[in-house]
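Participant:
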Amino acid sequence: MRVALLSSEVVPFAKTGGLADVAGALPKALREHDRDAVVILPHYDQIDRGFLTDKVIENVPVEWRGGVRPTRVWQSDAAGAPGYLIEAPEYFSRPSIYGYGDDHERFAFFSRATLALCKHLDWQPDIIHGNDWPCGFAVIELRARRRYDSFYQPTRTLFSIHNIAYQGAFDRRDLWWLGFGDPPERDDFMFKGAASALKAGLIAADALTTVSRRYAEEVQTPEQGYGLDWLLRARRNRFVGVTNGVDYDIWNPETDPHIAANFSAEDLAGKRECKLDLLRRFGLPQEPDRPIIAIVSRLVAQKGYDLIRQAAGAILDTGSFFIALGAGDKEYEDFLQRWHDSAPQRVGIYKGYAGEPLAHQIEAGADMFLMPSLYEPCGLNQMYSMRYATVPIVRATGGLDDTVENFDPERGAGNGFKFYPYTTSALLEKIREALYFYGKPEAWTQMQRNGMTMDNSWSAAAKKYLEIYEEILKSPT
Ligand code: ADP
C-alpha cells in the first residue's frame, strides 16, 4: 500500500504545533507496519539545512496560473520516512509558516505540486492523506482528477481535521484562477460567503478523521463545529476519531538528550536534577521543594490563557512557581511579561517559539503541566507530560478528556486532574487539589507512575489508520 501524507508542517523540518508532531511520526509508524509511506511538505526557508540532503528532483511540471511552473523538490529521510519538500521561494521563503494574505494561494500551489510530483515520479499513491485546511486543495483536486486523469483513478483520499477552527477562508473570486472555478468544486468550497479549503476537503474526501474520539463528537455540535457541524453529521458514517500517538523515540525521559538527567518509572531520581536545571534556565531560585506549574502552548484563546490571566494572582498565592513557554497573540505575551515583572522570583517566561530542547526541559523539570483549554482536538503535551512524570491539570475537553483520568486516591488510579466548567474557580480548585496531593509523596509518585506507564505510542494509532485506509480502498467512491 502506498500512502502519501501531506502536511504544511512536519517534525523535524518545520513546526508550529501538534500537527507537525503527528505528520512527523505517522509515516514512520506506517513504514514500521511495512507500508510504503512518504511525507510531503513545503520547503521553507527556516528549515535546518542539516536535515536536507543534496538529493533533489528538478523540473517537476506543476500546472499553475495558466502555464507550467517547473518546480524543484528536495528529498530527506530525516522524518524516518522518505520526505519530499516542495520548493517555491515566492511562496515559502518567508519568516513564518502561516499568516500571509496569500496563504490560500501558497498552499493551493503546494497541494497541486504534490499531485504533480507523484505523477512525475510515476509513484501512484493508493491513499493521499491530507491534513487540515492547507491540504483541502489536494483532496478536492484529487476528486476532480479522477474524472479525467487515469493516473489518479484508483487513488483514494483521507482528510484529517487537527483543528476545525482554522478553515482556510479566502476570497471566492480567487477560485477561478486557482483552477476550481467550475461546479461541483466551486460550490464545495463555498462557505459563509467566501471560499473555504477546509470545507472543500471535508466534502471531497473519501473518508474523514479527527484526532480524538471526544473531539469527533464535539465538532458535530453547533457549539464546536464552527459552522461545519452539519457537514460532519451528514458524513458521520465516514468520520472517526483516532487519538494521536506519542513518538517515544523523541519524547522519552530515559533517553532524551535534551534534559539534565535521564529517569524512568523505576528510578525517578533524575527528575529532581531536571527541576533544578529548569529553575536555573528561567532564572528562578533553586528551591526544589516548591512546586512548578508549567505550560507550553501557542498563545491563543483556545489554550485557556484568559483563565490563566484571571487566576494569575491566586495561582501564585498557592506558593508555586509558574513557568510559561509560548508564542502567539500579543495580548497574552504582554500579560506574561507583566506577570513575570510583578513576580520575577516566581514566574519564569519564554516568549517565542523555542524549538524542541526547551519544551523537553520543561516537561522533564516541571511538577504539573497546565492545559485549561477552551477546546483541544487532541493535545499532545498532556501525554508528553505523563511520560515525563509531570502531572497534567487539564480541562475536560476533546482529547484531554479522553487521555486524562482524575486521580482517585482510594484505588491509587488515575494520571492527573481535570475540571469541567470553563471557569477560573474550577481551574483554581483543581490546582489546589493537585497541590494537596503533591504534598503526599506516596500518592504523587503513584500518579506519576500511572502516567509514565501509559502506552500512548503511535503503534495503535497507526494500526487504526491502516484499517481506515483499507476500508476506503474497498468501498466505492
Ligand atoms: P497545538 O497543536 O494546538 O499547538 P498540541 O498540544 O497538540 O497543541 O501540540 C503542541 C506542540 O507544540 C507540542 O509539541 C509543544 O511542545 C510544541 N510547542 C508549542 N508552543 C511551543 C513553543 N513556543 N516553543 C516550543 N515548542 C512549542
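Numbering (the working numbering), first residue to last: 8 to 484.
All residues carry an ideal CB built from backbone N, CA and C; glycine is no exception.
1. In whole angstroms, what separates the C-alpha of Arg163 from that of Pro89?
2. Skipping 5 residues on each side, what residues in its chain have a beta carbon closer than 6 angstroms to that of Leu13?
3. So, using beta-carbon positions, are Asp236 and Val226 closer together than 9 angstroms?
4. Quick check on the DSSP output: the alpha helix (DSSP H) that includes Phe116 runs from which residue to which?
5. Which stretch, first to last residue, makes up the alpha helix (DSSP H) that contains Met459?
6. By Cβ distance, which residues of its chain are closer than 6 angstroms to Phe444, with the 5 residues on each side in sequence left out?
7. Taking the alpha-carbon positions, what's the Lys437 to Gly74 distance?
8. Closest to His1 by CA distance: which of Lys62, Gln174 and Pro132 is it?
9. At what residues does the alpha helix (DSSP H) containing Asn388 begin and finish?
10. Considering only heavy atoms of the ligand ADP, does any lie closer than 8 angstroms to the CB of Lys425?
11. When burial is assigned at 16 or more other CB atoms within 10 Å of the CB, is Asp195 buried or exposed?
12. Mind listing, in chain order, the continuous beta strand (DSSP E) runs of no fewer than 3 residues lying wholly within the stretch 328-368?
13. Would the stretch 378-391 count as touching the stretch 217-232 if we require 3 or more Cβ pairs under 8 angstroms?
14. Measuring only the C-alpha atoms, how far is Trp254 from Ser482?
15. Who are the near neighbours of Asp313 in its chain, counting only those whose CB is closer than 6 angstroms to its CB and skipping five residues on each side?
16. Return helix, strand or coil for Ile147, following the three-state DSSP convention.
17. Any heavy atom of the ligand ADP closer than 8 angstroms to the Cβ of Lys337?
18. When DSSP labels each residue in this structure, what does Ile168 get in the three-state scheme?
19. Near Arg79, which residues of its chain fall below 6 angstroms by C-beta distance, leaving aside the five closest residues on each side in sequence?
20. Helix, strand or coil: how does DSSP classify Leu26 here?
21. Where Phe116 and Gly362 are concerned, what is the direct C-alpha to C-alpha distance, given to the nearest angstrom?
22. Tell me, please, whether the stretch 409-427 touches the stretch 453-462 by the rule of three or more beta-carbon pairs shorter than 8 angstroms.
23. Determine the direct distance from the alpha carbon of Tyr357 to that of Thr397, and round the result to whole angstroms.
Facilitator: Considering the structure as presented:
1. 20 angstroms
2. Ile47, Thr121, Gly137, Cys142 and Ala145
3. yes
4. Asp110 to His127
5. Pro448 to Met459
6. Excluding sequence neighbours, Phe444 sits near Ala450 and Trp451.
7. 59 angstroms
8. In this structure the chain extends from 8 to 484, so residue 1 is not present and cannot be described.
9. Asn388 to Arg394
10. no
11. Classification of Asp195: buried, given that the 10 Å Cβ count is 16 or more.
12. 328-335 and 354-358, all fully within the stretch 328-368.
13. yes
14. Here residue 254 is Asp; the residue named in the question, Trp, does not match the sequence. Whole-angstrom Cα-Cα distance: 31 angstroms.
15. none
16. helix
17. no
18. strand
19. Val63, Glu65 and Glu94
20. helix
21. 27 angstroms
22. yes
23. Going from the Cα of Thr397 to the Cα of Tyr357 covers about 19 angstroms.
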